[in-house]
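Residue numbers (my numbering): 334 to 742.
The C-beta atom is built at its ideal place from N, Cα and C for all residues, glycine as well.
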Amino acid sequence: MDKPVYSVSDLNRYVKTMLESDGLLRSIAVSGEISNFKRNVSGHLYFSLKDASASVTCAMFRGSADKLLFEPENGMKVIAAGRVSLYPQSGVYQLVVERLIPDGKGDLQAAYEQLKAKLEAEGLFDRSHKKPLPLFPKCIAVITSGTGAAVMDIIRVLRKRWPISKIKILPVAVQGEKAPAQIAGALKYANKWHIADVIICGRGGGSLEDLWCFNDERVARAIYESEIPVISAVGHEPDYTIADFVADRRAATPSNAAELAVPDRYEQLQALDETYGYLGRMLDTRLDAALKKLKDLQNRYVLSDPSNFVSLRSQQLLNLQKRLESAETAVLLQKTAQFQNLAGKLDALSPLKVLSRGYSMVEQKDGRIVRSINNLKIGESLKLSFADGGADCRVTDIRKDNNYGRTEV
């Protein structure tokens, strides 16, 4: 063979050099759908980018992956920007991704939607976790930039509405990479030492990038875990940040947060005046009613001459006594008549009445009444009872007709 022979490694290195020297392939953006996504323990990301008829292997190394604001997922349509290279060990070419952008939306928006869905599923937005704001807070903690216009607006409104409250400023960065950690740390500090009755956390308006620290998961969880009620005061009225959803109350602006945190002293004074007037009117009404009742009592016949009251009650007592005596007599007459009637009935049923008419009563020795000849025996001793006395006899004969047997007395 007159052509040179190359090793596989030489071939792969040559192709890799050719791919990486091509101007188009050194910086290229490719759109497609993520599949076979995998995050390595090293922090590198590996996935495929596919369309309806083809796919390409992609690798995103840790340095680039750490800058991602959202979590790539299978099925997500993205634009991958990077360079084409070849992995010499396998001979497979791949797209080394340096930046990944959701197709159709920015990476910040995608990250926002992902975190919002995640925290909502965990229940961090539930109304049942919202704590009520204190009516008359003694101290308000303000977590914001120590030099911005927002802190001055908050102080001005608080001093105007409720000057007796103390204000504690916890200055933090509200923009940039360090901001989320500082805001979360300030929230934890305020709760650890319980330095206030309510917390205002926010900043003035700005772009989505400027407000991004309030869409950070660390800040969201610090607000959720706060035992002190938190008012989110991110001055970006049309849109909501993640902090707005988690906070106990959301304010449209820092000034509005100060209005929510404390009552208005002029409104409270007006309410006190109205209450004072109402109580005065109620007291006057009750006094007038008591005086009227007193006059009515003074004009009563009984109070003008107490002896009349005694006479009236004495007459009522006599009337009641007469009614009781009449009732007693009527009851006695009724009960006497009932007794006599029952006594007559009882007398009519008395055995002695029957005996007085010529009848007698026959008893056996054990005292049982003889009601039939079937209860008799020849030679049995019997006792006869008459109206005026009794006799003993013995049975000598028993007949089952009206001719009575003879007896010996």
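(request) Could you say if the segment 475 to 491 and the segment 443 to 461 meet the contact criterion of at least three C-beta pairs nearer than 8 Å? (result) no
(message) Buried or exposed, going by whether 16 or more other CB atoms sit within 10 Å of the CB of I711?
(response) exposed
(request) Apply the 10 Å Cβ neighbour rule to W526 and answer buried if 16 or more other Cβ atoms are within range, or exposed otherwise. (result) exposed
(message) Within a Cβ cutoff of 6 Å, which residues of the same chain sit near G415, ignoring the five residues on either side of it in sequence?
(response) L428, V429, V430 and E431
(request) Would you decide whether P756 is buried or exposed? Buried here means 16 or more other CB atoms lie within 10 Å of its CB. (result) Outside the modelled stretch of the chain, which goes from 334 to 742, sits residue 756, for which no answer is possible.
(request) Quick one: residues in its chain with C-beta nearer than 6 Å to the C-beta of G365, no 5 flanking neighbours on either side, listed in chain order? (result) L382, K383 and D384
(message) Less than 9 Å between the C-beta atoms of A590 and I556, yes or no?
(response) no
(request) Return the CA-CA distance between G376 and K400, expressed in angstroms with no decimal places. (result) 11 Å
(request) Have a look at D549 and N407 and give me their C-alpha separation to the nearest angstrom. (result) 23 Å
(request) Indicate the three-state DSSP secondary structure (helix, strand or coil) for V742 in the structure shown. (result) Because V742 carries a pLDDT of 41, less than 50, the predicted location of this residue cannot be relied on, and the following value inherits that uncertainty. Correct three-state label for V742: coil.
(request) Quick one: using the 10 Å Cβ neighbour count with 16 as the cut-off for buried, is S498 buried or exposed? (result) buried
(request) Pair every Cβ in the segment 590 to 608 with every Cβ in the segment 501 to 509, then say whether three or more of these pairs are closer than 8 Å. (result) no
(message) If we require 4 or more residues per run, which alpha helix (DSSP H) segments fall completely within the segment 417 to 478?
(response) 440 to 455
(request) Can you tell me which of P596, Q601, R372 and I532 puts its alpha carbon nearest to the alpha carbon of A580? (result) I532
(request) Could you tell me which residues DSSP puts in a beta bridge with D335? (result) Looking at the DSSP assignment, D335 forms no beta bridge with any residue, so it has no partner.
(request) Could you name each continuous alpha helix (DSSP H) segment of 4 residues or more that falls completely within the segment 659 to 696, going from the start of the chain to the end? (result) 684 to 689
(message) I'd like to check one pair, L419 with M393: are the Cβ atoms closer than 9 Å?
(response) no
(message) Can you look up G365 in the DSSP assignment and give me helix, strand or coil?
(response) strand
(request) May I have the straight-line CA-CA distance separating T740 from R690, to the nearest angstrom? (result) Unreliable positioning characterises T740 in this predicted model, as indicated by a pLDDT of 44, which lies under 50. The coordinate reading is nonetheless provided below. Their Cα atoms are separated by approximately 22 Å.
(message) What does the Cβ neighbour count give for I731, buried or exposed, with the cut at 16 atoms within 10 Å?
(response) exposed
(request) Using beta-carbon positions only, say whether V484 and A517 come within less than 9 Å of one another. (result) no
(message) Once DSSP output is grouped into helix, strand and coil, what is the label at S354?
(response) helix
(message) Once DSSP output is grouped into helix, strand and coil, what is the label at P596?
(response) coil
(message) Assuming the contact rule is C-beta atoms closer than 8 Å, C546 and A512 should be a hit. Round their C-beta distance to whole Å, please.
(response) 4 Å
(request) Identify whether T729 lies in helix, strand or coil by the three-state DSSP scheme. (result) coil
(message) Quick check: what's the CA-CA separation for L657 versus L715?
(response) 59 Å
(request) Just the C-alpha distance for E696 and T669, rounded to the nearest angstrom, thanks. (result) 37 Å
(message) One question on the structure: do L448 and I575 come within less than 9 Å of each other, judged by their Cβ atoms?
(response) yes
(message) With H, G and I counted as helix, E and B as strand and the rest as coil, what does DSSP make of A590?
(response) helix
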